[in-house]
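>
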Amino acid sequence: MKSMRNKSDKITLLHLPYLQDKRNLLGFSGGADSTCLFHLLLKNGIYFDIAMVNYNLRKESKDEIRYAKKLAKKYNKKIFILKAKKIKNNFESRAREIRYDFFKKIINSYNYDNLVLANQLNDRIEWLLMQLSKGCGLNSLLGFDSLIKANSFNIIRPFSETSRDKIEHYLKKHKIKYFIDKSNKDIKYKRNYFRKNYASNLVRNYSSGLLKSLSFLKEDFLALYGGVMIREITNSVYRIFVFKKRLDLENLHNIDICAKKLGYVISQKQREEILKSLYSCVIGDKIIIDCNKNEIFICENLSKQKQNLKNPEESQLKKTQKLKKAQSPQKHNKKFRDILRLASIPPKIRPYITKELLDKFKNF
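If you read the sequence shown in my numbering, its first letter stands for residue 28, the second for the next number, and so on.
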């Protein structure tokens, strides 16, 4: 079959206006995608710093860290590095959880406006194919959006419509060094199996049609799920989401939306856990979900706020951690607990409800 791959050197970054004149944090690994995005952000005059997680899985990890530090020094970028503990099982899901939690803590500590990630078109197709193989519905097929407005920051993926081939072509043409993660070729991992056998060739030969199909699926998705009202009740410390119970698929979709706004991505296994718990659980020690007869409530678990960062501003981080400690859940007296119970506030959510927030609930 004749390849339809576009050899053009031009790569269009999505959502550039959101990045311009803002404080941006780039999730960096040293691989092709994040290295290419690093240089294209430079080329477009975008301010950014970088954050990197070392999972200590490969010999090359130390070289990748050295390379990242070298780039940061050369281009005057701050670099934040997390040395993660060894992940014993469910690597992809746990690694994503560790990564997002790390990024979120940096953003909140140093007031970044955007988290910039290098996920690209191939990643979207790999996800879609894996979800199809599980028998998932429309609400789970599309995976990540190119722009998500989270809690106090945006998650932006400028490469969402760019193929991996195009990224590698750009790096080769401009003689830019990057690292290849050999574990990405191991087909014992489901994503790698779909990448090798299906996704790469599909994107290489049919990227234009795939992008159109993804766009149509998004329109259908919005038509089916876009009308659900999610209430958001906040004060200077807590942020709580509430929506009416509907069918399980719609409930899970709304929980996904709320979790992403709090900077957390829920895995398929966690979705199953949510259903099994009848919407009353804590996910990954990060997100609290509880419900009454008619509504589902979601908030961040502020009782779990520890993580060690290696960064250039240690004292500022310690100040932020002290502030987080002051934001721990409330210990209410019996009278106020009874008021919350009579107001149908679910038990797991009650420690996060102040009198101010309760008044907002009543007046919403």
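For glycine and all other residues, C-beta sits at the position ideal for the given N, C-alpha and C.
1) Can you tell me which of Ile325, Arg368 and Gln297 puts its alpha carbon nearest to the alpha carbon of Lys271?
2) Could you give the distance in angstroms between the alpha-carbon of Ile152 and the alpha-carbon of Asp60?
3) Counting Cβ pairs closer than 8 Å, one from the region 205-217 and one from the region 45-58, do we hit at least three?
4) What are the boundary residues of the alpha helix (DSSP H) that Thr62 is part of?
5) Which same chain residues, not among the five before or five after Ser120, have their C-beta less than 6 Å away from its C-beta?
6) Just to confirm before moving on: does the CB-CB distance between Asp76 and Leu52 stay below 9 Å?
7) Going straight from the alpha carbon of Phe186 to that of Ile323, what length do you get?
8) Let me check one thing: in DSSP terms, what residues is Leu52 bridge-paired to?
9) Ordered along the chain, which non-local residues of its own chain (more than five positions away) have a Cβ less than 8 Å from that of Lys362?
10) Thinking just about the alpha-carbon of each residue, which of Leu302, Tyr252, Leu169 and His66 is nearest to the one in Lys239?
11) Going by the DSSP bridge assignment, what does Asp317 pair with across the sheet?
12) In whole angstroms, give me the CA-to-CA distance for Tyr252 and Glu277.
13) In this structure, how does DSSP classify Ile38 when only helix, strand and coil are distinguished?
14) Would you grab the beta carbon distance between Ile183 and Tyr45 for me? Rounded to a whole angstrom, and I think it's under 8 Å.
15) Secondary structure at Arg273, three-state DSSP: helix, strand or coil?
Looking at the coordinates:
1) Sequence index remark: in the sequence shown, residue 271 carries index 244 (1-based). The option with the nearest alpha carbon to Lys271 is Ile325.
2) Walking along the sequence shown from the start, residue 152 turns up at place 125. Walking along the sequence shown from the start, residue 60 turns up at place 33. Cα to Cα, the separation comes out at about 16 Å.
3) yes
4) Looking up residue 62 in the sequence shown gives position 35. Its alpha helix (DSSP H) spans residues Ala59 to Lys70.
5) Locating residue 120 in the sequence shown gives position 93, where the first residue counts as 1. A distance below 6 Å between beta-carbons, with the five flanking residues on each side excluded, links Ser120 to the following residues of its chain, in chain order: Ser294.
6) Reading the sequence shown from its first residue, position 49 is the one you call residue 76. Reading the sequence shown from its first residue, position 25 is the one you call residue 52. Result yes, Cβ atoms of Asp76 and Leu52 sit closer than 9 Å.
7) Mapped onto the sequence shown, residue 186 falls at position 159. Mapped onto the sequence shown, residue 323 falls at position 296. For Phe186 and Ile323, the distance between alpha carbons rounds to 34 Å.
8) Within the sequence shown, the letter at position 25 stands for residue 52. DSSP output for Leu52 lists Asp76 and Leu142 as bridge partner(s).
9) Residue 362 sits at position 335 when you count from the first residue of the sequence shown. Cβ within range, chain order: n/a, list empty.
10) Looking up residue 239 in the sequence shown gives position 212. Ranking Leu302, Tyr252, Leu169 and His66 by Cα distance to Lys239 puts Leu169 first.
11) Numbered from 1 along the sequence shown, position 290 holds the residue referred to as residue 317. Phe324.
12) Taking the first residue of the sequence shown as position 1, residue 252 is located at position 225. Taking the first residue of the sequence shown as position 1, residue 277 is located at position 250. For Tyr252 and Glu277, the distance between alpha carbons rounds to 7 Å.
13) Within the sequence shown, numbered from 1, the residue matching residue 38 stands at position 11. Coil, per DSSP.
14) Position 156 of the sequence shown, counted from the first residue, corresponds to residue 183. Position 18 of the sequence shown, counted from the first residue, corresponds to residue 45. At roughly 6 Å, the Cβ-Cβ gap stays under 8 Å, so Ile183 and Tyr45 are in contact.
15) Here the question's residue 273 lines up with position 246 in the sequence shown. Coil at Arg273, not helix or strand.
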